[in-house]
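The next block holds one structure in the form of structure tokens; read it before the comments.
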Amino acid sequence: MSDVEEAITRAHHDEWARVVAALTRRFGDLGIAEEAAAEAFATAVERWRTDGLPPNPGAWLTTTANRKAIDRIRRENKRDDKHKEAQMLHDNAPPEPLGVIDDDRLRLIFICCHPALAVEARVALTLRMVGGLTVPEIARAFLVQGTTMEQRITRAKAKIKAARIPYRMPSADDLPARVSGVLAVLYLVYNEGYLASGPGTDPVRHELTTEAIRLTRLIRALLPQDGEVAGLLALMLLIEARRPARVSAGGELVPLAEQDRGAWDAELIAEGHRLVRERLAAAAAGVAPGRYQILAAINAVHTSARDIRDTDWSQILALYDQLVRLDPSPIIALNRAIAVAELDGPEVALAIVDHLAEALAGYHAYHATRADLLRRLGRSQQSRAAYDRAIELAGNTGETAYLTRRRDQLQ
Numbered sequence: 001m002s003d004v005e006e007a008i009t010r011a012h013h014d015e016w017a018r019v020v021a022a023l024t025r026r027f028g029d030l031g032i033a034e035e036a037a038a039e040a041f042a043t044a045v046e047r048w049r050t051d052g053l054p055p056n057p058g059a060w061l062t063t064t065a066n067r068k069a070i071d072r073i074r075r076e077n078k079r080d081d082k083h084k085e086a087q088m089l090h091d092n093a094p095p096e097p098l099g100v101i102d103d104d105r106l107r108l109i110f111i112c113c114h115p116a117l118a119v120e121a122r123v124a125l126t127l128r129m130v131g132g133l134t135v136p137e138i139a140r141a142f143l144v145q146g147t148t149m150e151q152r153i154t155r156a157k158a159k160i161k162a163a164r165i166p167y168r169m170p171s172a173d174d175l176p177a178r179v180s181g182v183l184a185v186l187y188l189v190y191n192e193g194y195l196a197s198g199p200g201t202d203p204v205r206h207e208l209t210t211e212a213i214r215l216t217r218l219i220r221a222l223l224p225q226d227g228e229v230a231g232l233l234a235l236m237l238l239i240e241a242r243r244p245a246r247v248s249a250g251g252e253l254v255p256l257a258e259q260d261r262g263a264w265d266a267e268l269i270a271e272g273h274r275l276v277r278e279r280l281a282a283a284a285a286g287v288a289p290g291r292y293q294i295l296a297a298i299n300a301v302h303t304s305a306r307d308i309r310d311t312d313w314s315q316i317l318a319l320y321d322q323l324v325r326l327d328p329s330p331i332i333a334l335n336r337a338i339a340v341a342e343l344d345g346p347e348v349a350l351a352i353v354d355h356l357a358e359a360l361a362g363y364h365a366y367h368a369t370r371a372d373l374l375r376r377l378g379r380s381q382q383s384r385a386a387y388d389r390a391i392e393l394a395g396n397t398g399e400t401a402y403l404t405r406r407r408d409q410l411q
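In the working numbering, the protein residues as written are 1 to 411.
Printed below as a string of structure tokens:
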């Protein structure tokens with residue numbers, strides 16, 4: 001990758017959300033903000049290669065995006081008021097107070113996660129606006145077609161515009177009502193980083209996992225008493241601690257059972273365990289744990305075992321039983337079946353997994369789990385077919401390499 005391409009990639013990561021947030025505040029139109037930001041980055045690809053890198057890429061992108069937005073508004077005749085047009089050209093107004101949130105990306109997340117939008121629309125819109133994820137990446141996270149996700153995002157932007165939802169900074173009183181949508185967004189951003197689904201990308205996108213953790217820490221500082229915020233932070237930390245052992249030297253994903261536990265980040269594990277213990281104490285006092293807290297507790301059990309053989313599968317299954325009551329989704333049921341296999345054997349687990357066939361037919365992890373259970377039962381031909389389907393559906397290069405090797409090892 002050339003220096004210019006590296007600079008554009010870095011600028012997209014560092015500046016995308018800030019540029020979109022600034023344009024949204026100024027023009028009050030999320031669609032214009034997104035398109036103008038995209039046009040500015042496209043212009044940067046052309047101009048920076050010939051003119052060289054500007055001294056301040058962020059300022060260059062913001063200025064260019066503002067001009068693109070003004071040009072578009074003029075072309076579409078959406079502003080007849082000459083005073084407003086002059087204000088756009090000569091915007092000397094003082095910057096808006098930051099309010100309770102002083103981070104551009106986090107502020108934009110809370111703006112997108114308005115209660116007027118359906119939860120799925122909030123998550124999808126924020127992943128696009130803030131995370132800069134492509135529509136196909138977001139569609140894979142939701143297990144839907146790209147056209148479906150494109151329509152969902154378009155409708156969300158249209159609803160914001162039609163309802164005249166104000167682009168103001170959320171007050172402290174607004175935060176609790178919006179935090180569940182924000183946490184869902186950050187969890188999906190983290191998942192996309194930890195198991196990147198885009199073709200041709202690195203198996204793990206460290207910039208996404210790091211950013212998701214950073215933003216979750218900021219929310220933790222804003223809402224220190226919120227158990228699900230603490231739970232999500234603990235969950236991310238305990239998963240992130242395993243990242244150094246996640247990918248082999250050859251670029252193949254390494255499953256939990258095969259990871260070098262000595263390479264795990266002990267400091268992150270210790271912090272994650274402290275947060276889990278804090279939430280367990282709250283649960284003992286009668287505060288029921290939420291989804292992220294239970295997931296964090298499951299990962300605490302995994303990271304407490306010195307060897308895969310020391311894993312307390314009974315405790316993990318009990319936690320999954322608790323989680324299923326809160327979130328009876330087929331993906332949770334699939335993960336629970338993995339724990340069942342360790343306690344009751346692969347045949348019992350396979351019966352559970354097969355009941356999920358219709359709901360998870362397009363999910364690669366369903367076929368990978370089924371392939372492994374069939375392998376353990378000695379049903380090699382069926383296992384091979386399941387591996388083939390998992391490889392076909394998997395978008396992660398490292399995971400595809402792992403699944404291919406496992407398939408080729410079948411007798």
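Glycine included, each C-beta is placed from N, C-alpha and C at the ideal position. Every value quoted in this text rests on a predicted model; they were computed, and no experiment measured them.
Leaving aside the five residues that flank A257 on each side, the residues in its chain whose CB is nearer than 8 Å to its CB run, in chain order, I308.
In this structure, T62 and V4 do not form a Cβ contact; the two beta carbons are roughly 19 Å apart against a cut-off of 8 Å.
Here the alpha carbons of R10 and T64 stand approximately 17 Å from one another.
With at least 16 other beta carbons inside 10 angstroms of its own, H364 counts as buried. DSSP places H114 outside any alpha helix (DSSP H), giving it a letter other than H or E. The straight-line gap separating the alpha-carbon atoms of R406 and G193 is approximately 24 Å.
A distance below 8 Å separates the beta carbons of L108 and M129.
Residue state for L360 is assigned as coil, using DSSP reduced to three classes.
Look at the beta carbons and you see the region 365 to 382 touching the region 339 to 357: at least three pairs across the two are nearer than 8 Å. Collapsing the DSSP output to three states places V247 in a strand. Three or more Cβ pairs closer than 8 Å define a contact, and the region 225 to 237 falls short of that threshold against the region 26 to 44. Between the alpha carbons of L188 and K161 lies a gap of roughly 25 Å. According to the DSSP assignment, D173 belongs to no alpha helix (DSSP H), since it is labelled neither H nor E.
The three-state secondary structure of L373, taken from DSSP, is helix. G398 places its beta carbon less than 8 Å from that of G251. Nearest to L360 by alpha-carbon distance, out of A386, L237, P255, is A386. Per the C-alpha coordinates, the member of L373, A158, L238 positioned closest to A341 is L373. Listed in chain order, the non-local C-beta contacts of G290 below 8 Å within the same chain comprise G227, E228, G231, L326, local neighbours out to five positions each way being set aside. Cβ-Cβ distances below 8 Å link I338 to A349, T369 in the same chain, with the five nearest sequence neighbours on each side left out; the list follows chain order. Contact annotation: R389 and L410 have beta-carbon atoms that are not nearer than 8 Å. Separation of R74 and K68 (C-alpha to C-alpha, rounded to the nearest whole angstrom) is 10 Å. The criterion of a C-beta distance shorter than 8 Å is satisfied by T303 and A241. If you draw a straight line from the Cα of D202 to the Cα of I8, it is about 17 Å long.
Within its own chain, no residue has a Cβ closer than 6 Å to the Cβ of P55 once the five positions on either side in sequence are excluded. With 16 or more neighbouring CB atoms inside 10 Å of its own CB, A21 falls in the buried class. The Cβ atoms of S314 and L343 sit closer than 8 Å to each other. According to the DSSP secondary-structure assignment, L253 is paired through a beta bridge with V247. Between the beta-carbon of P115 and that of R25 there is about 20 Å, and that puts the pair past the 8 Å contact cut. Here the C-alpha atom of H355 lies approximately 11 Å from the C-alpha atom of Y366. In this chain, the alpha helix (DSSP H) harbouring H273 covers 266 to 284. DSSP, read as helix, strand or coil, puts V144 in coil. With distances taken between CA atoms, I153 lies nearest to V119 out of A266, L222, V119. Going by DSSP, P57 is part of the alpha helix (DSSP H) stretching over 57 to 75. Of the candidates R277, P346, A300, T50, the residue whose Cα lies closest to the Cα of A266 is A300.
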